[in-house]
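To start, the structure under review is shown below, and the notes come after it.
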Amino acid sequence: MEPEEDWLVESLRLYQDFHAFDLSGATRVLEWIGDKGVFVAGYESLKKNEILHLILPLRLSVKENQGLCPERDFKVCHGGFSDTSVFDLKHVPDTRLLVTTGLPSSYLHVWQVTEDSDVIQAVSSIAVQQKEGGLWPRVAIFSSTAPRVLHGARLRSLNIVDLETQKTTYTSGVSDSEELSSLQVLDADTFAFCCASGRLGLVDIRQKWAPSENLSPGPGAAGGRWYADVGGRGPGPSIASLGSNGQLCLLDPRDLGHPVSSVQCSVSAPSPDPELLRVTWAPGLDGCLAISGFDGTVQVYDATSWDGVGSQVDPLFTHRGHIFLEGSQIDTAPLVTTHTWHPHKPRTLLSAASDASLHVWDWVDLRVAS
Amino acid sequence: MPEIRVTPLGAGQDVGRSCILVSIAGKNVMLDCGMHMGFNDDRRFPDFSYITRNGRLTDFLDCVIISHFHLDHCGALPYFSEMVGYDGPIYMTHPTQAICPILLEDYRKIAVDKKGEANFFTSQMIKDCMKKVVAVHLHQTVQVDDELEIKAYYAGHVLGAAMFQIKVGSESVVYTGDYNMTPDRHLGAAWIDKCRPNLLITESTYATTIRDSKRCRERDFLKKVHEAVERGGKVLIPVFALGRAQELCILLETFWERMNLKAPIYFSTGLTEKANHYYKLFITWTNQKIRKTFVQRNMFEFKHIKAFDRAFADNPGPMVVFATPGMLHAGQSLQIFRKWAGNEKNMVIMPGYCVQGTVGHKILSGQRKLEMEGRQVLEVKMQVEYMSFSAHADAKGIMQLVGQAEPESVLLVHGEAKKMEFLKQKIEQEFRVNCYMPANGETVTLPTSPSIPVGISLGLLKREMAQGLLPDAKKPRLLHGTLIMKDSALKELGLVEHQLRFTCRVHLHDPRKEQETAMRVYSHLKSMLKDHCVQHLPDGSVTVESILIQAAAHSEDPGTKVLLVSWTYQDEELGSYLTSLLKKGLPQAPS
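Protein chains in written order, with this note's numbering: chain A, 19 to 388; chain B, 2 to 592.
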C-alpha cells in the first residue's frame with residue numbers, strides 16, 4: 019500500500035485532474051468521437067470482445083462550476099460484441115459508422131452506432147484481398163460524402179475501398195512486401211505511411227504510386243520496429259517517428275530524407291512489444307509529443323529545442339499511474355497499450371494499459387507552476 | 002402456479018423510488034419502500050394502489066423488507082404503514098432499525114418545518130411504524146411463517162445495508178438493494194454465496210457506468226482540502242454523522258502527516274456523541290462472518306482529529322471541521338457555514354445528496370445568495386465543492402455479483418430499457434441466463450420448475466426396482482401409479498378432486514332372495530365389527546363406515562349371490578379386511 023499512497027500524495031502536485039477506471043477488458047483502441055466520447059475495444063483472441071462507446075465524465079466536460087459537478091464516472095453509451103480481436107478502430111467522420119481491424123485478418127468489419135438502441139450493430143465486412151496470416155491491416159479513413167477506407171498490411175496490399183459500394187478506388191500497385199506499421203490520412207488527397215522498418219512515405223492518391231520517401235539510410239538503419247505520427251502544432255517539424263530502441267526522429271515532410279533531429283528517449287529499450295509503440299503530437303501544445311509502448315508509463319516531451327542527432331532527452335512529464343495503481347492483474351507489470359490527447363484540453367491525455375486500466379489525466383507543467 | 006412475479010412499483014421511469022413487489026409460491030413480499038426526493042406531491046411515493054386493489058395490505062402482504070436506511074429505500078415506510086395501512090412485520094437489519102427513524106424524523110422536519118407541507122407523516126407515525134420492525138442478523142435464516150424464510154447478506158454501501166434472500170420451498174429470490182463490490186475504507190464490499198436463486202433482482206441505476214476508482218475520488222478530496230488549507234482557508238464538511246464521516250476522517254488522518262499539514266482537524270461534539278452509538282452498532286454489525294481486513298483500528302481515536310468547540314470557529318488560520326447535520330439544514334454545520342460563507346478562501350465540501358429545501362441543496366444548485374431567517378441575505382463567497390462518495394455497483398460490479406450468486410435469471414430495476422440492451426445481452430451471453438428489465442408498474446412473470454417431493458409406496462417402489470434397472474439421476478424414468486394430493490395443493494392448482502373407490506365381488510352360495518342375503522350380511526357384520534358403524538339402509542344395501550355392500554343375484558346361477566363391496570381409498574384397510582371376511586362365508590342363519 020505504501021508506494022501507492024506515496025504516489026497518490028505526489029499526484030496532488032503532479033496532476034490537476036486524475037481519473038482511473040477498470041474496463042472489463044484491456045483495449046488497444048482509444049478513438050475519439052467528437053470531444054466527449056471515446057471508443058475502446060478488446061483484443062482477446064479466445065473470447066468475445068466488447069466495443070464500447072464511452073462518454074467522458076461530466077466533470078471533465080463541464081466548462082464552469084466544475085466543483086458543483088460530482089459526476090466522475092464514464093458512461094457506457096453504446097456497446098457491441100466482436101468475435102474477432104480488435105487492434106484498431108476508426109470512426110468515419112460525420113457518420114455513425116466504425117471500421118475495425120484485427121485478427122483473424124481476412125476482413126475489416128463495419129459497425130453502426132444507432133440512436134434508438136445502445137447496441138453497436140455489425141453492418142458489413144470488407145474483404146482483404148491478400149491474406150496475411152499473423153499481420154493485420156492498418157486502417158485510415160478518407161472522409162467525404164462518400165467515405166473511403168484505406169487499408170493494408172504491406173505496401174503491396176495498400177488499397178482504398180469505397181465504404182458503401184465496396185469498390186476499390188485505388189491500389190498501390192507495387193510488389194513491395196514491406197510490412198506497414200501505421201497509416202494516416204492527411205487531407206482529401208494525401209496519406210502518410212510508416213513501415214515497420216522505419217521507411218516513411220507521403221502519397222498523393224491523384225497520381226500513380228510515387229510517394230516522397232526517406233529512402234536513404236534513415237533511422238531504420240538502426241533496426242527495430244518503427245511507428246510514426248504526422249501532426250504537431252507550431253513551426254517545427256511535423257512528423258515524429260519512434261523506434262523500439264527508444265530513438266525518436268523528427269522530420270519535415272518536405273525533406274523526408276534528412277531528419278531535422280534525432281534523439282534518444284529516456285526509456286528502457288528495447289520495447290517488450292514493439293507493436294504497441296505509439297507517438298502522438300499534442301494538438302493543443304506547440305512542439306509537444308507523447309510516447310508509450312516501452313513499459314507502464316506515458317512520457318511527454320517538449321521537442322521545440324531539439325536539434326542534432328543522438329542526444330539523450332528527458333521527458334517533461336512521466337505518467338506512472340498504471341504502475342502504481344493496482345489493476346485487475348497484479349502479478350505482471352502492466353504495459354501501456356495506447357494513449358491519446360484530448361482534442362481541446364491542452365494537457366489532458368487518456369491512456370490504457372494491458373491490465374484493462376484506463377486513465378484520464380491532466381498533467382501540471384512544472385516549469386510554469388510556481 | 003410455479004411462477005415468480007415481480008412488479009417494480011411507482012409511476013414513471015424515474016429512479017430513486019425503490020419499491021418492488023414479489024410474488025413467490027403464493028407468498029407476497031414488498032422489497033423496500035422508498036421516497037422519490039425530486040417530487041413534492043404524491044409522485045414521491047410508490048404507487049401502492051397496485052396492491053390495495055386486492056384488499057387490505059396486511060392480508061395481502063406476508064412481509065415488508067427494507068434493505069438500508071437511505072430515504073430512497075425507506076422514506077415512504079411511515080406513510081405506507083400508518084397512512085395507507087399495514088400491520089404486518091417489517092424486516093431490516095439492526096443498524097438499519099437504529100438509524101432509519103433518525104433519518105425519517107430529520108426528513109419529516111425538513112418537509113414540514115422548512116417547506117410547510119401538510120399531509121406528511123408525523124413523528125408519532127414514525128414511532129408506530131418502527132414498532133412493527135423485526136430486526137435480523139446477517140446470515141440468519143428468519144422464518145416469516147412456516148413456508149416463507151428470509152436471510153440477510155452483507156451489502157457494503159452504508160452501515161446496515163443488506164441484500165436479502167427470500168425463500169419458499171425450493172424457490173428463491175435474492176434482492177440486492179444498493180451494494181458495492183469494491184471495498185471502501187470502513188465498510189468493505191458486498192458478499193453472497195453460491196445460493197443459486199431462481200431470480201436475482203439488482204438495482205441498475207449505475208449499470209451503464211464505469212466507476213472512477215476510489216483512489217481518485219479520495220485524491221480529489223485531499224487535493225481540495227489541501228488547496229484550501231494552503232491558502233489559509235477554513236474547510237467545512239457537513240456530514241450526517243455515521244459512515245461518511247468515518248471514511249473521510251480515516252482518509253485525512255492517513256495523509257495529514259505525509260502531506261506535512263499542521264492545520265487542525267475538528268470533529269464536532271454532536272458527532273462524537275453519535276459516534277459512540279455508531280461504534281457500538283458498527284462493531285456488532287461487522288463482527289458478523291465478513292472479512293475483517295478493513296477494520297484494523299478503532300475508528301474513533303485519531304491522532305490529528307480533535308473535538309470541536311463552537312468558539313474555535315472564530316480562530317484565525319486554516320482548519321478543517323466535520324459538523325452535523327449533513328445537508329446544512331439546521332444546527333452546528335449551518336452555524337459554521339454562516340460564519341465562513343463570506344470568505345472566498347474558505348471551502349465547503351458536500352459529500353452527498355441534499356434534499357430540496359435545505360441550504361445544502363441550494364448551494365449545490367449554484368445559488369450564491371441565500372435568504373436566511375429574518376430576511377437576512379447571506380452572500381456565499383466560499384468555494385462550494387460537491388463530491389460523491391457513496392459506493393454503488395457499476396456494470397462490472399453487477400457482473401461480479403451475478404457470478405457469485407449464480408442465479409437462473411436476472412432482473413434489473415431502475416434503468417431505462419433502451420439504454421441497457423447491451424448490458425442485458427452481456428449478462429445473457431456471459432452467464433447464459435435470462436435478463437429482464439421491467440418498467441415501473443410492469444409485471445415480469447418467470448416460470449419456474451420447482452421440485453416437488455413425492456412419497457412413494459413401498460410396493461410401487463419394489464415393483465420398479467424389480468425391473469432391474471438402477472436409478473440414474475440423469476435418466477428420468479416414467480413411473481405409472483396414482484398420485485394422491487392433499488386438499489390445499491389441489492385447490493392451489495385448481496384441480497378437481499377425484500375420489501378413488503375400489504370394488505370387489507364376493508360370490509356367496511345362498512339360494513334365498515337378495516334382500517335376505519343382505520340382511521344376513523348385515524347381522525353378521527354387526528356382530529363381527531362392534532367398533533364400527535354398520536348400517537342397513539332402506540334400499541337393502543349395507544354400509545360399514547363408508548364401505549358399501551350390495552347383494553345381487555348372479556345372472557346365470559340363481560343359487561349364487563354376488564356381493565358388490567366398494568370402498569374409498571381412505572378406507573382401504575377396512576375394505577380389504579371386509580372382503581376377506583365375507584369371502585369366508587356367512588354363518589348359517591337360524592331359520
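Don't be surprised by glycine CBs; every beta carbon is placed ideally from N, CA and C.
Chain C contact for residue i (CB, 8 Å cutoff)
{"i": "Arg114/A", "result": "Here the protein chains are A and B, and chain C is not one of them."}
Outcome for residue i when other beta-carbon atoms lying within 10 angstroms are tallied against a minimum of 16
{"i": "Pro512/B", "result": "exposed"}
{"i": "Gly482/B", "result": "exposed"}
{"i": "Tyr155/B", "result": "buried"}
{"i": "Ile485/B", "result": "exposed"}
{"i": "Arg232/B", "result": "exposed"}
{"i": "Asp315/B", "result": "exposed"}
{"i": "Ser234/A", "result": "Note that Ser234/A scores a pLDDT of 48, beneath 50, so its modelled location is shaky; the value from the coordinates is reported in the next line. So Ser234/A counts as exposed."}
{"i": "Val378/B", "result": "exposed"}
{"i": "Ala392/B", "result": "buried"}
{"i": "Ser375/A", "result": "buried"}
{"i": "Lys149/A", "result": "exposed"}
{"i": "Gln247/B", "result": "buried"}
{"i": "Pro1/B", "result": "Lying before the first or after the last residue shown, residue 1/B is absent from chain B, which here runs from 2 to 592."}
{"i": "Ser68/B", "result": "buried"}
{"i": "Ile291/B", "result": "With a pLDDT of 38 at Ile291/B, under the threshold of 50, the predicted position of this residue should be treated as unreliable, though the coordinate-derived value follows. By the neighbour-count rule (16 or more Cβ atoms within 10 Å), Ile291/B is buried."}
{"i": "Lys562/B", "result": "buried"}
{"i": "Asn83/A", "result": "exposed"}
{"i": "Arg298/B", "result": "Only weak support is given to the placement of Arg298/B: the predicted model assigns it a pLDDT of 47, under 50, and the value that follows is read from those uncertain coordinates. That one is exposed."}
Distance cut-off 7 Å: residue i Cβ against heavy atoms of the ligand ZN
{"i": "Pro88/A", "result": "You won't find the ligand ZN in this model; it holds no ligand whatsoever."}
Beta carbon of residue i nearer than 8 Å to that of residue j
{"i": "Asp320/A", "j": "Leu334/A", "result": "yes"}
{"i": "Leu153/A", "j": "Glu196/A", "result": "no"}
{"i": "Leu201/A", "j": "Asp291/A", "result": "no"}
{"i": "Val143/B", "j": "Tyr92/B", "result": "yes"}
{"i": "Leu564/B", "j": "Val535/B", "result": "no"}
{"i": "Asp35/A", "j": "His362/A", "result": "no"}
{"i": "Gly85/A", "j": "Tyr87/B", "result": "no"}
{"i": "Pro75/A", "j": "Asp221/B", "result": "no"}
{"i": "Ala158/A", "j": "Phe209/A", "result": "yes"}
Distance, residue j Cα to residue i Cα
{"i": "Trp341/B", "j": "Leu307/A", "result": "44 Å"}
{"i": "Thr358/A", "j": "Leu367/A", "result": "6 Å"}
{"i": "Val382/A", "j": "Thr322/A", "result": "18 Å"}
{"i": "Trp128/A", "j": "Ala145/A", "result": "Reading the sequence as shown, one finds Val at residue 128/A and not Trp. Each residue's Cα considered, the two are about 11 Å apart."}
{"i": "Tyr207/B", "j": "Glu417/B", "result": "11 Å"}
{"i": "Trp257/B", "j": "Asp60/B", "result": "57 Å"}
{"i": "Asn263/A", "j": "Ile309/A", "result": "13 Å"}
{"i": "Ser259/A", "j": "Gly35/B", "result": "59 Å"}
{"i": "Ile51/A", "j": "Asp106/A", "result": "14 Å"}
{"i": "Trp379/A", "j": "Pro277/A", "result": "31 Å"}
{"i": "Gln225/A", "j": "Thr298/A", "result": "28 Å"}
{"i": "Val65/B", "j": "Ser100/A", "result": "44 Å"}
{"i": "Glu465/B", "j": "Pro454/B", "result": "18 Å"}
{"i": "Ala331/B", "j": "Ile103/B", "result": "15 Å"}
{"i": "Ile73/A", "j": "His187/B", "result": "31 Å"}
{"i": "His510/B", "j": "Gln516/B", "result": "14 Å"}
{"i": "His305/B", "j": "Ile251/B", "result": "10 Å"}
{"i": "Gln125/B", "j": "Leu335/B", "result": "27 Å"}
Whole-Å CB distance - residue i paired with residue j, under 8 Å assumed
{"i": "Val7/B", "j": "Ser205/B", "result": "Contact doesn't hold; Cβ gap of about 14 Å is too wide."}
{"i": "Asp179/B", "j": "His71/B", "result": "7 Å"}
{"i": "Ala26/B", "j": "Glu172/B", "result": "5 Å"}
{"i": "Val137/B", "j": "Ala153/B", "result": "5 Å"}
{"i": "Leu329/B", "j": "Val356/B", "result": "Actually they are not in contact, since the Cβ atoms of Leu329/B and Val356/B sit about 11 Å apart, beyond 8 Å."}
{"i": "Val543/B", "j": "Leu526/B", "result": "7 Å"}
{"i": "Phe338/B", "j": "Leu253/B", "result": "The pair is not a contact, with the Cβ atoms about 20 Å apart (cut-off 8 Å)."}
{"i": "Met260/B", "j": "Val327/A", "result": "At roughly 44 Å, the Cβ-Cβ gap does not stay under 8 Å, so Met260/B and Val327/A are not in contact."}
Exercise. Is it true that the stretch 79-93 of chain B meets the stretch 44-61 of chain B, where meeting means three or more beta-carbon pairs spaced less than 8 Å apart?
Worked result: Flag = yes, the stretch 79-93 of chain B and the stretch 44-61 of chain B touch.
Exercise. Is there contact between the stretch 118-125 of chain B and the stretch 90-100 of chain B, where contact requires at least three CB pairs shorter than 8 Å?
Worked result: The stretch 118-125 of chain B, when compared against the stretch 90-100 of chain B, does not touch it at the 8 Å Cβ threshold.
For this session: Examine the Cβ distances between the stretch 430-437 of chain B and the stretch 449-464 of chain B and report whether three or more of them are shorter than 8 Å.
Result: These segments do not touch.
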